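Contents: one structure, followed by commentary.
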Amino acid sequence: MEKVLVTGGAGFIGSHLVSRLCESDKEIVVLDNSWRGSLENLGDFRNRIKFVEGDIRDYSVVKKAMEEVGTVFHLASIQGTKFFYTHPDLILEVGLIGNLNVARAIVENKVKRLLFTSSSEVYGQPRIFPTPENHEIIVPDIKNPRWSYSVTKIAGESIFLNFAKKYGFDSTLVRIHNAYGPKMGWEHVIPEFIRRVVLNEKFTIQGNGTETRSFCYVSDIVDGILLAASKEEGKNEIFNLGNDKEEYRILDLVKLLSNVSGKKIEPIQIDKLEGSTSRRIPDISKARMMLGYDPKVKLSEGLKLAFDWYKSKIESIIKYPSKPFPWERG
Numbered sequence: 031m032e033k034v035l036v037t038g039g040a041g042f043i044g045s046h047l048v049s050r051l052c053e054s055d056k057e058i059v060v061l062d063n064s065w066r067g068s069l070e071n072l073g074d075f076r077n078r079i080k081f082v083e084g085d086i087r088d089y090s091v092v093k094k095a096m097e098e099v100g101t102v103f104h105l106a107s108i109q110g111t112k113f114f115y116t117h118p119d120l121i122l123e124v125g126l127i128g129n130l131n132v133a134r135a136i137v138e139n140k141v142k143r144l145l146f147t148s149s150s151e152v153y154g155q156p157r158i159f160p161t162p163e164n165h166e167i168i169v170p171d172i173k174n175p176r177w178s179y180s181v182t183k184i185a186g187e188s189i190f191l192n193f194a195k196k197y198g199f200d201s202t203l204v205r206i207h208n209a210y211g212p213k214m215g216w217e218h219v220i221p222e223f224i225r226r227v228v229l230n231e232k233f234t235i236q237g238n239g240t241e242t243r244s245f246c247y248v249s250d251i252v253d254g255i256l257l258a259a260s261k262e263e264g265k266n267e268i269f270n271l272g273n274d275k276e277e278y279r280i281l282d283l284v285k286l287l288s289n290v291s292g293k294k295i296e297p298i299q300i301d302k303l304e305g306s307t308s309r310r311i312p313d314i315s316k317a318r319m320m321l322g323y324d325p326k327v328k329l330s331e332g333l334k335l336a337f338d339w340y341k342s343k344i345e346s347i348i349k350y351p352s353k354p355f356p357w358e359r360g
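In our numbering, the protein residues as written are 31 to 360.
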């Protein structure tokens with residue numbers, strides 16, 4: 031029986047991944063500091079896993095959690111564009127120190143395989159659409175805290191590729207594009223929009239709403255992660271994961287949410303944050319060809335699932351509307 035470690039396994043994508051891994055015969059260890067994730071996300075399969083509450087900035091914790099592990103799924107990071115601006119120091123600290131600690135612990139524990147979740151953020155403001163994996167990696171403005179998260183993912187890719195080559199483990203990188211679904215933090219565009227509808231808040235959008243995204247439901251992202259981590263063809267490769275079949279303007283997303291919620295929405299335009307990306311859609315032909323990856327959930331279907339889930343969590347929206355970290359909650 032293979033033992034696997036999922037860092038950030040109580041978070042959004044991590045908890046969905048752990049749920050799928052629980053369908054296998056693998057022994058599963060989850061390492062999470064419970065800042066953004068929670069044991070609630072692990073739900074009915076809490077007793078199926080070993081949960082380690084700890085911080086990836088603490089090497090001793092990472093090393094111990096990785097003992098006798100064959101595959102590491104490294105998802106732990108602080109996500110949410112809002113936090114790139116408000117907590118860039120923490121974004122960088124968790125990302126850079128955490129990535130190095132995971133790489134060192136892999137070597138120390140002789141782990142055979144790593145799956146690292148990188149991000150579409152590494153492409154900065156891309157110039158080719160759909161954007162392929164060989165597009166240049168860009169930090170558009172090093173002075174803008176907007177790109178703090180991107181820097182940690184770029185550094186992480188370099189760390190894991192070079193450590194893998196030097197120390198002989200297999201490293202697979204997946205660049206995730208605009209995932210959404212139940213359990214995602216409130217500080218992302220779809221959960222934020224749903225919150226405003228449910229609570230009848232003023233419905234603001236940044237810019238004129240013509241910016242586009244290709245949103246990908248979390249189950250399709252997890253499919254890609256598992257394919258990339260399990261197939262021989264995935265070893266030491268980089269793959270885009272996302273939905274290349276649908277590209278929506280933000281205004282179109284608002285209309286779709288209006289249909290799903292049954293409420294009329296009148297968006298109010300506000301200034302865009304500096305560094306915003308106008309368009310994002312992945313080229314997933316490499317993952318489709320090499321892994322058999324094929325996202326299936328349409329935005330109209332996934333948005334309904336997400337809306338129903340978030341609506342059921344109305345009390346948590348009211349309790350923690352803008353205080354996502356434990357030390358901010360009092």
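Cβ coordinates follow ideal geometry from the N, Cα and C atoms, glycine included.
Just so it is clear, the structure is predicted and the values come from calculations on it, not from any experiment.
Whole-angstrom distance between residue j and residue i, CA atom to CA atom
i	j	result
K293	I280	17 Å
G128	N266	20 Å
A259	L145	6 Å
E304	G272	25 Å
M214	K140	33 Å
V169	N77	42 Å
E296	R226	11 Å
W65	E83	10 Å
H46	V34	15 Å
K275	I344	32 Å
L286	F245	13 Å
I79	E57	7 Å
F75	L69	10 Å
I268	I206	11 Å
L16	I189	The first residue shown for the chain is 31 and the last is 360, placing residue 16 beyond what the model contains.
N71	L283	26 Å
S288	N270	30 Å
G67	F113	15 Å
R318	V152	21 Å
L130	G44	20 Å
I311	T202	21 Å
Y278	K93	42 Å
K196	S342	48 Å
L256	D250	10 Å
S291	E231	14 Å
S330	H218	18 Å
V91	W177	28 Å
G24	K334	The structure shown has nothing for residue 24, since the chain only spans 31 to 360.
F233	V36	36 Å
F362	G237	For residue 362 there is no data in the structure shown, the boundaries of the chain being 31 and 360.
Beta-bridge pairing of residue i - partner residues as DSSP gives them
i	result
C52	Answer by DSSP bridge pairing: none, since C52 is not bridged.
I206	S149 and L271
H104	T37 and F146
I235	Q299
L61	T37 and V82
S201	L144
Y247	Y210
R309	T242
W161	Contrary to the premise, residue 161 reads as Thr rather than Trp in this sequence. Per DSSP, P312.
R279	T242
Identity of the residue in the options nearest residue i by Cα
i	options	result
N208	E98, G332 and V124	G332
G154	E138, K183, T116 and K232	K183
V252	D324, F233, S188 and M320	D324
D62	K196, S54, A95 and E32	A95
F103	N71, V59 and R134	V59
V248	E123, K93 and K328	K328
R309	S342, G239 and L321	G239
V137	A194, N289, F81 and S107	A194
P156	E97, S306 and E296	S306
Q299	I235, Y179 and V284	I235
Y383	L126, L229 and T111	The displayed coordinates of the chain run from 31 to 360. Any statement about residue 383 would go beyond what the structure contains.
K316	C246, A40 and V204	V204
W339	I220, G198 and T242	I220
G211	F223, S201 and M31	F223
A336	V228, K142, K112 and S188	V228
K326	G254, K93, I268 and D301	G254
Y179	I43, T242 and L122	L122
L191	G237, R134, K232 and T242	R134
S200	A40, L105, G100 and V36	Checking the sequence shown, residue 200 turns out to be Asp, not Ser. Of the listed residues, the one whose Cα sits closest to D200 is G100.
D301	F81, E241 and E217	E241
E32	F42, G41, E97 and V91	E97
K142	V152, V91 and G198	G198
V124	F81, E231, V181 and K196	V181
S160	L256, W177, R243 and W216	Note on identity: in this sequence residue 160 is Pro, with Ser being the wrong assignment. Ranking the options by Cα distance to P160, first place goes to R243.
G41	K196, W216 and K232	W216
Rounded Cβ spacing between residue i and residue j (contact assumed at less than 8 Å)
i	j	result
I86	V132	7 Å
G38	S107	7 Å
P175	D313	With 8 Å as the limit, P175 and D313 do not qualify as a contact, their Cβ atoms being about 28 Å apart.
G186	S148	6 Å
E263	L321	6 Å
I158	H165	6 Å
Evaluate the contact criterion for the stretch 110 to 125 versus the stretch 36 to 56: three or more CB pairs, one atom per stretch, below 8 Å.
Segments in contact, no.
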